[in-house]
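S.K.: Under our numbering, the first residue of the sequence shown carries the number 5, and numbering increases by one thereafter. C-beta atoms are modelled at their ideal positions from N, C-alpha and C, and glycine is treated no differently. Below: one structure in structure tokens.
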Amino acid sequence: MSEEILQAQPKNEQGRKRPSGLQKKFFLGLGIIFLCFCIASAFLIYAHEKSVLKEAAHEKSRMVMAAVEASRSYVREVLRPKMYHVLGRHAFVLEAMSTSYVGRVVMDRFKETLPEYQYRRVSLHARNPASTPNATETRMIDFFVQRPQHESWEGLVKIADRSHFLHSRPVFFTESCMHCHGDPDDAPQALLDLYGRERGFGHKPGEIAGVNTVSIPVDIAMAKIKERALSVFAVSLFCLTLLYALIALLFNWVVVQNLRDLLEIFRHGLRDDTELQLLREAKAKDEIGELRSAAQVMAGHLSNARQHLEEYAQNLEVMVRERTKALTKSEQRLQEKVTARNRELKGLNTIAEMITRPENLADILPQVLQQTLGLIPARGAALYLLCDNPSRLEIQCRENAEHLPEQLPFDVDSCKLILEDEPTDLAMSICEAACGETSFFAFQQGQQCLNVPLCCRDNVSGVMAFVGFAFDEIPPEMHQLLFCIGNQIGITIESLRNMEKLLQSKELLQSVFDGITDMLVLLDRDLRIRMVNKAHLKQFGVTLDEILNKRCRDPQACRSCPFIQCNIEIAFKSKTPFTEEVRSSDGRIFLVHYYPIVNEKGEVESIVRNA
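Here it is in structure tokens:
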């Protein structure tokens with residue numbers, strides 16, 4: 005029916021594409037955002053450049069102000085008192101005693117080089133008409149009168165229709181100023197003759213005298229800043245216009261077209277006239293409104309489908325109960341397997357931990373055998389190790405395996421022949437395992453024996469023979485477990501043998517050290533004492549625990565040892581034997597020999613010190 009209704013629509017309505025309301029809303033908002041971004045970018049650039057300009061002008065004005073203040077301070081504190089001392093208290097020389105005059109004259113000379121800098125020192129009721137403040141300077145004086153806590157003011161102002169950076173500082177009368185600005189009767193006669201008795205008198209210490217101002221024109225720089233801000237605005241607007249166009253194409257391609265395709269799917273999926281009429285009414289809105297109407301229709305369909313599903317779910321409850329029972333059984337079996345795997349991992353870890361125990365191989369092997377029998381479902385087992393002189397396999401420990409032979413002759417060179425033939429007896433089967441292959445043999449009265457090689461880096465160190473073991477019933481994971489156990493036991497045996505060899509080598513080396521009557525010490529590259537003979541311990545009255553692994557220069561290692569100040573570093577640098585004489589505190593002289601031990605890279609690993 006939906007196809008008939010769609011076919012009944014006018015062809016021009018189906019063929020034309022109406023404007024997208026969603027597209028209009030999106031791009032109107034996006035355009036406003038982009039325009040605001042351009043304006044904000046231009047404003048930020050303008051504000052930043054203006055701030056930089058003000059900071060630069062402030063620094064320049066500070067330097068000018070500091071230079072003028074330095075000259076005025078020199079006149080006030082040095083030159084004026086000297087003039088009073090030379091000419092007398094009532095003398096007055098304008099060019100040498102007036103700080104205002106000196107500061108103004110200095111800046112007049114300064115303007116000859118940098119005419120853009122304007123310096124003025126003004127005050128109300130000034131004696132010199134040139135020091136009368138203008139409107140801006142009058143406002144500055146009023147500002148500091150009303151706000152005496154402010155030490156300066158700086159900012160942009162308009163002076164003669166031009167933008168200037170103005171830096172103002174207040175000037176206060178001090179006690180030294182009262183001679184010329186206090187009571188006119190106390191003023192120098194030369195000052196009265198020059199300016200009269202009317203202006204510049206009657207002031208008190210701490211009263212504001214006026215302001216010092218430095219102005220720098222910045223109208224050209226401000227014009228450049230505005231031009232730069234407009235350029236940023238224009239470039240941003242151009243770039244964002246291109247981005248706007250690209251987003252428009254992408255939005256129309258990705259969003260609008262997909263929404264229209266989605267709505268077409270909804271239209272073709274409707275079955276009655278009421279639903280189609282609802283969608284036709286929704287076309288007056290944007291795509292989201294039309295999609296909302298379509299979603300309402302689909303929600304009705306989903307509600308009906310839910311009712312059918314609830315009815316169907318009731319029939320599924322019985323099936324779920326049955327499936328739950330099956331899953332419970334599977335979970336139990338899985339839990340049993342996990343428990344078995346955990347037990348196997350724990351056993352392997354226990355075997356691995358035996359390497360670290362301070363026990364010899366003969367004490368550890370029975371523990372390894374018992375731990376293995378806890379993992380493998382066998383009645384008994386025995387552990388063979390390869391022995392030399394003559395070459396043989398010899399049982400080290402057994403449990404419930406009395407019928408296994410105590411010793412078996414074995415030649416490693418015959419492994420190739422042994423592996424080519426099938427084992428004909430128990431001894432040959434055990435020898436086959438000693439060649440690196442797991443073997444199985446059934447012997448007298450139906451008894452079975454499984455032989456697992458004990459390997460470490462492809463080297464067989466022995467065989468573990470299991471008796472009372474149903475080889476045909478072994479699952480695949482048990483084969484892997486047997487292989488891992490054999491490797492782990494082989495690693496354990498190899499590690500313990502290596503440790504025994506190391507201990508024997510250390511004891512042999514220590515016995516050689518102790519047999520030498522000279523004082524011997526073995527030092528590593530960090531100058532830590534690794535070995536020391538009895539002659540050294542006896543000579544200086546220390547024990548092995550007191551100096552072992554201590555630095556040879558550590559006073560706590562050997563308080564009476566004279567070798568703390570030795571030159572052992574020479575042997576490290578030269579990498580050749582070195583001899584020196586060392587004198588002890590009690591006057592004894594020791595002839596000390598240093599023998600560096602160099603590794604394959606040519607680096608000094610350790611040094612033997614002989615004294």
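Where DSSP assigns a beta bridge to Glu403, which residues make up the other side?
M.R.: In DSSP, Glu403 forms a bridge with Ala385.
S.K.: Identify the residues that DSSP records as bridge partners of Gly214: which are they?
M.R.: Answer is Val175, bridged to Gly214.
S.K.: For the beta strand (DSSP E) containing Thr142, list its first residue and its last residue.
M.R.: Premise fails: Thr142 lies in the alpha helix (DSSP H), 139-150, not in any beta strand (DSSP E).
S.K.: Checking the sheet assignment: what are the DSSP bridge partners for Ile611?
M.R.: Note: Ile611 sits in a beta bridge opposite Leu527, Pro600.
S.K.: Is Lys21 helix, strand or coil by DSSP?
M.R.: Its pLDDT being 46, under 50, Lys21 is placed unreliably by the model, and nothing is read from it.
S.K.: When you compare only the Cα positions, how much space is there between Leu595 and Glu511?
M.R.: The alpha-carbon atoms of Leu595 and Glu511 are separated by roughly 27 Å.
S.K.: Do the stretch 521-528 and the stretch 498-507 meet, that is, are 3 or more Cβ pairs less than 8 Å apart?
M.R.: Not touching, per the Cβ criterion.
S.K.: Three or more C-beta pairs closer than 8 Å, one from the stretch 481-493 and one from the stretch 414-428: is that the case here?
M.R.: Output reads no: the stretch 414-428 does not touch the stretch 481-493.
S.K.: If you reduce the DSSP assignment to three classes, tell me which class Cys184 lands in.
M.R.: Residue state, collapsed to three classes: helix.
S.K.: Does the structure place the stretch 41-60 close enough to the stretch 227-246 that three or more beta carbon pairs sit under 8 Å?
M.R.: Touching, per the Cβ criterion.
S.K.: Let me check one thing: in DSSP terms, what residues is Tyr123 bridge-paired to?
M.R.: Beta-bridge pairing links Tyr123 to Val218.
S.K.: Using the three-state DSSP reduction, which class does Ser465 fall into: helix, strand or coil?
M.R.: Reduced to three states, the DSSP call for Ser465 is strand.
S.K.: Run through DSSP, which three-state label would Phe414 get?
M.R.: In this structure, Phe414 counts as coil in the three-state DSSP scheme.
S.K.: So for Gly159, helix, strand or coil by DSSP?
M.R.: In this structure, Gly159 counts as strand in the three-state DSSP scheme.
S.K.: Does Asn537 pass the burial test, meaning 16 or more other C-beta atoms within 10 Å, or should it be called exposed?
M.R.: Buried, by the Cβ-count rule.
S.K.: Taking 8 Å as the cut-off, decide whether the C-beta atoms of Val586 and Phe567 are in contact.
M.R.: Result yes, Cβ atoms of Val586 and Phe567 sit closer than 8 Å.
S.K.: In terms of alpha-carbon separation, which member of Ile163, Gln336, Val56 lies closest to Ala225?
M.R.: Ala225 has its Cα closest to that of Val56, out of Ile163, Gln336, Val56.
S.K.: In whole angstroms, what is the alpha-carbon distance linking Val456 and Lys420?
M.R.: About 18 Å.
S.K.: In terms of DSSP beta bridges, what is Glu398 paired with?
M.R.: For Glu398, which the question treats as bridged, DSSP gives the partners Leu389, Gln411.
S.K.: Quick one: is Val222 buried, meaning 16 or more other Cβ sit within 10 Å of its Cβ, or exposed?
M.R.: By the neighbour-count rule (16 or more Cβ atoms within 10 Å), Val222 is buried.
S.K.: Can you name, in chain order, every residue of its own chain whose Cβ lies under 6 Å from the Cβ of Ala575, other than the five neighbours on each side?
M.R.: Excluding positions up to five away in sequence, the list reads Phe582, Tyr598, Pro600, Ile611.
S.K.: Taking just the CA atoms, how far does Phe470 sit from Pro381?
M.R.: C-alpha separation (whole angstroms): 9 Å.
S.K.: Return helix, strand or coil for His305, following the three-state DSSP convention.
M.R.: Three-state result, His305: helix.
S.K.: Does DSSP put Leu595 in a helix, in a strand, or in coil?
M.R.: It is a strand residue.
S.K.: For a quick check, are the C-beta atoms of Ser172 and Arg80 less than 8 Å apart?
M.R.: No, these two residues do not count as a Cβ contact at 8 Å.
S.K.: Which term fits His154, buried or exposed, when burial requires 16 or more other beta carbons within 10 angstroms of its beta carbon?
M.R.: Exposed, by the Cβ-count rule.
S.K.: Return the chain-ordered ranges of every alpha helix (DSSP H) run that is complete within the stretch 534-565 and spans a minimum of 4 residues.
M.R.: Fully enclosed alpha helix (DSSP H) runs of 4 or longer: 538-544, 548-551.
S.K.: Nearest to Val126 by alpha carbon, out of Ala74, Gly214, Gly35, Arg557?
M.R.: Here the closest residue by C-alpha is Gly214.
S.K.: Output the boundary residues of the beta strand (DSSP E) element that contains Ala446.
M.R.: Looking at the DSSP string, the run of the beta strand (DSSP E) that includes Ala446 is 443-446.
S.K.: State the CB to CB distance for the pair Ile368 and Leu397, rounded to an integer number of angstroms; the pair is presumed to be in contact (CB under 8 Å).
M.R.: Their Cβ separation, rounded to whole angstroms, is 19 Å, which puts Ile368 and Leu397 out of contact at 8 Å.
S.K.: With 16 as the cutoff for other CB atoms within 10 Å, does Gln311 come out buried or exposed?
M.R.: It counts as exposed.
S.K.: In angstroms, rounded to a whole number, what distance separates the CA positions of Glu607 and Ser578?
M.R.: Each residue's Cα considered, the two are about 11 Å apart.
S.K.: Out of curiosity, what's the CA-to-CA distance linking Ala539 and Ala615?
M.R.: Approximately 10 Å between the Cα atoms of the pair.
S.K.: Consult DSSP for Glu426 and reduce its assignment to one of helix, strand or coil.
M.R.: In this structure, Glu426 counts as coil in the three-state DSSP scheme.
S.K.: When you compare each of Ser334, Ser156, Ser167, Ile572 to Glu584 by their alpha carbons, which one comes out closest?
M.R.: For Glu584, the nearest C-alpha among the options comes from Ile572.
S.K.: In the structure shown, what three-state DSSP assignment does Gln311 receive?
M.R.: Correct three-state label for Gln311: helix.
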